[in-house]
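Number of protein chains: 2
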Amino acid sequence: MKKFFNNPSDYVKDMCEGIEYAFGGQLRFADREKRVLLRASHAPKGKVGIVTAGGSGHLPVFLGYVGAGMLDGCTIGNIFASPSAQKMEETIRACDFGAGVLCLYGNYGGDRMNFEMACESVGFDGIETRQVLVRDDIFSSPQETAEKRRGVAGMVFAFKVAGAAADQMLPLASVAAAAEKALRNMRSIGVALSPCILPEVGKPSFIIADDEMEIGMGIHGEPGIQTCKILSAEETIQTLLEKINEELCLGEGDEVAVMLNGLGATPMEELLILYRSAFKWLMSRGIKPFMPHIGEFATSMEMAGASLTVMKLDEELKTYLRAPACTPFYTNVNK
Amino acid sequence: MKKFFNNPSDYVKDMCEGIEYAFGGQLRFADREKRVLLRASHAPKGKVGIVTAGGSGHLPVFLGYVGAGMLDGCTIGNIFASPSAQKMEETIRACDFGAGVLCLYGNYGGDRMNFEMACESVGFDGIETRQVLVRDDIFSSPQETAEKRRGVAGMVFAFKVAGAAADQMLPLASVAAAAEKALRNMRSIGVALSPCILPEVGKPSFIIADDEMEIGMGIHGEPGIQTCKILSAEETIQTLLEKINEELCLGEGDEVAVMLNGLGATPMEELLILYRSAFKWLMSRGIKPFMPHIGEFATSMEMAGASLTVMKLDEELKTYLRAPACTPFYTNVNK
C-alpha cells in the first residue's frame, strides 16, 4: 500500500491533528474528538451560518472550504463515511449567529439521514435551518430521476455562491435560493483512470483495465455508465461537454464557470491539457468561460482521473463567484 | 498509460495553450512557440527582474510561480529537459527593467550550461545578470560536495524570498544575497513510493517494490540513498528531520518555514498526517514552525511520495515570506 500514515484506524484522527497544527490561526475544532471544524474568527451577528459535512478522503472537500467567504463549519466523517448526527448538530449549533443555518451538502444517504436528525434536533431550540442538497453528478442518475443524483466537485461552486450571499447579510431563504440557483445551473461528470486505496482496506476497491477509463464514475468509486478504451484528452472533453450540454443547453453569448478538477493522481499538466480542449469547445460555440478553476478541489484519495463541472452564469452568480474568499484551500483576492 | 493527453509529442504544447487559456489575464507568452512565459502586467522600472527555467512535468514548478511577488518570467522546457539557451535569453531580455536580472534555478547540468550561455549573450548588450543555483536536496550529494546537489521544492521558498526582496526595489546584488541566504538556511529531502510515467516513454522509468520506499529520490527519479520497507508517517518524518538537522543544527527558540510537498499522487490527507509528525518533532525541541506550506509545490508527474523542506528563519526571511504574492499557483494575502 503506497501511502503515508501510521495506524490505518488513526488516519482521520492524525489528519485532523495535522489540520489543527497547520491552520491553527484560521480554524479551530469545537470538540475534543476533532470532528467539528469551525472558523477561528467570529462571524458577524445576524449572518446566516453555512455548514457542510461528509466523509474524509476528498480533500480539499469538505473541510478545506471552512473560512472567510465560504463555510462557517464542517463536520468530519471517517473515510468515505458520513459523520454522526450528533456531531452535525454540534456544528449547526456553533454556526448559528442568530439568522439560521444553511446545511449545504452532497446527496448521499448517510449524510442526508444524519442532517435530517440534526436539523430536527436543533429546531426544538428554535434554530432555523434549511437543507440544500448538491446533486451535480449527471451520470449518477438519469434526468427523470435527478433527485437521486450524487454531489461531486460542483459543491465547491455552491459553497462559494452561498458564502458570498451570506456575507451580504441576506436572510436564510435568500442564501438558500442562491445556492439552489447555482445548483440548478450546474452539471458535473467524472472520468476515472485508476482506483484509490482505503487505508483500512489496503487494496484497490475496484479494477479498471490498463487501457480503459470509466466515464461517470463517482468519487467513492461508484460505477460509471460507460467503460471504454482510454480516449484522448480532446475526445474525453468532447464526450463530457456534449453530455453536460444536453441538459444545460448552452448557446452563443452564454458565460460559464468551468471547474477542471483532479481526482488525486492526475498531474496538473494534464488538467491544463483538458482545460485547453474545454476552452476551445466552448469558445467555438460562442460560450465564454469565466474564472476557470483548475486543480484539485474534490478528490478521491489517489484516484487518477478528473471531473468537469460547468455552471451557467448570470450577473448574480458572477458577483458571488468574484467575491473575496480565504480558506486554507481556496483563496480569491479578486484577481 | 493512465494519463490524459493528445499526442505524446504535443504534451507540453497543449499544456502551454491550457496555461494561456486559463491564466490569460495574469500571464502572457512572449513568443509564438509559447516557451517564454511572462507576467501580463508591467513591472516598475528599476525593479530587479527574476527569472527561472526548467523542464516540464513539475507543476506548479516552475512556471506556476510567475506573478506578483515572485517571478517575472520563466522559460519552459520539454518534460524533464532544459529549455534552450536562446529561449532563456529571450526571457532574460524581457525581464530586464533596468536594474538587471536574477537567474534563480535548480542545479541541473543542462539548465546551468544554457543559462551560462544566455547570460553571456545578454551581457554583450549591457544587461547585468546574477545566477543563483538552488541546491537544497541534501541526499543528492554529501555535504563535502554540496555544490553538486540538485534543486527541488525548496526553490519555491527561494522564489518567494527573492521576489519580495525585488519588490522592495533592492539592487541586484542584494536580491541575489537574499536568495542565497534563503538557500544557505534551507535543506530538502524527498521520499518516493512509486515512479511516474513520461508520456513519450509510456511506462514507468524505474521500479520501486510494492512494500518499499526510496529515501532521497530526486524529482526526475534520480536514485535515492536508501531503499527500505515503507516506514510509518511518523518514522518517515523522523528519518528526514534527523538528516536535515544534521546540517541545519536547529535548536530551542529557532523558527523555521516548513514545506510538506506532495510529488503528485499523494493525497492531501497524507501530507497533513506527515505535517502532524513534523510539527510534533519540531515543537518537542522548542523549534517553532512559521507559515507552513502543505500541498503540491514541486511535483514529478504522478509520482507518489513527498518531500520535506525546512528553512531556518530570521526577521529578514520572515518579512520576505510574509510579503504578498499572487501567481496562478501561489497566493499569499497576509492571512
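So the sequences go chain by chain: A and B. End of the first sequence sits at 379 in this note's numbering; the numbers just go up one at a time, nothing left out. End of the second sequence sits at 379 in this note's numbering; the numbers just go up one at a time, nothing left out. The beta-carbon is built from N, C-alpha and C at its ideal position, and this holds for glycine as well.
In this structure, the straight-line span from the alpha carbon of I136(B) to that of P372(A) is close to 34 Å. For F67(B), the uninterrupted alpha helix (DSSP H) segment begins and ends at Y55 to F67. A distance of 8 Å or more separates the beta carbons of M213(B) and G150(B).
I259(B) is bridged by DSSP to V235(B) and Q270(B). The alpha-carbon separation between K131(A) and I94(A) amounts to approximately 15 Å. Residue pairing by DSSP puts E299(B) in a beta bridge opposite K332(B). Annotated as proximal: A342(A) and H102(A), with beta-carbon spacing under 8 Å.
Under the three-state reduction of DSSP, A223(B) is assigned to helix.
The beta carbon of M261(A) lies closer than 6 Å to those of G234, A236 and G268 in the same chain, with the five residues before and after it left out.
At a cut-off of 8 Å between beta carbons, F124(A) makes no contact with chain B. Pairing E314(B) with F48(A) gives a Cβ-Cβ distance under 8 Å. Going by DSSP, T135(B) is part of the alpha helix (DSSP H) stretching over A129 to A138. The Cβ neighbour count for K247(A), taken over all protein chains shown within 10 Å, is under 16; the residue is labelled exposed.
Residues of the segment 312-339 of chain B with a C-beta less than 9 Å from any C-beta of chain A: M312, E313, E314, L315, L316, I317, L318, Y319, R320, S321, A322, F323, K324, M327, P333, P336, I338 and G339, listed in chain order. Counting C-beta atoms within 10 angstroms of its own C-beta, T189(A) has fewer than 16 neighbours from the protein chains shown and is therefore classed as exposed. Going by DSSP, V200(B) is part of the alpha helix (DSSP H) stretching over M199 to D211. Here the segment 330-339 of chain B does not lie against the segment 164-172 of chain B, with fewer than 3 beta-carbon pairs under 8 Å apart. No Cβ of chain B is located within less than 8 Å of the beta carbon of E299(A). For N289(B), no chain A residue has a C-beta closer than 9 Å to its own C-beta; the minimum C-beta separation is roughly 19 Å. Chain A has a Cβ within less than 8 Å of the Cβ of D58(B). Taking all protein chains in view, the Cβ of C139(B) is crowded by 16 or more other Cβ atoms within 10 Å, so the residue is classified as buried. With 16 or more other Cβ atoms inside 10 Å of its own Cβ, V56(B) counts as buried. Looking only at F141(B), L146(B), E191(B) and G170(B), the smallest Cα-Cα distance to G153(B) is reached by E191(B). At a cut-off of 8 Å between C-beta atoms, E61(A) counts as an interface residue with respect to chain B.
Contact between V110(B) and L71(B) holds: CB atoms are separated by about 6 Å, below the 8 Å threshold. Here M345(A) carries a coil assignment [DSSP, helix/strand/coil].
Straight through space, the alpha carbons of A208(A) and M327(A) are spaced by roughly 28 Å. The bridge partners DSSP lists for Q175(B) are C147(B). Comparing alpha carbon positions, the residue from G68(A), C370(A) and A197(A) closest to L352(A) is A197(A). Looking at the DSSP output, K356(A) bridges to V300(A).
Secondary structure of V110(B) (DSSP, three-state): strand.
Interface annotation for the segment 83-105 of chain A against chain B: S100, G101, L103 and P104, criterion Cβ-Cβ distance under 8 Å. Annotation: Cβ neighbours of K47(B) in chain A (cutoff 7 Å, chain order): E314.
The Cβ neighbour count for D180(B), taken over all protein chains shown within 10 Å, is at least 16; the residue is labelled buried. In terms of Cβ geometry, G98(A) and I123(A) do not form a close pair [threshold 8 Å]. At a beta-carbon threshold of 9 Å, none of the residues of chain A lie near Y149(B); the nearest stands roughly 19 Å away.
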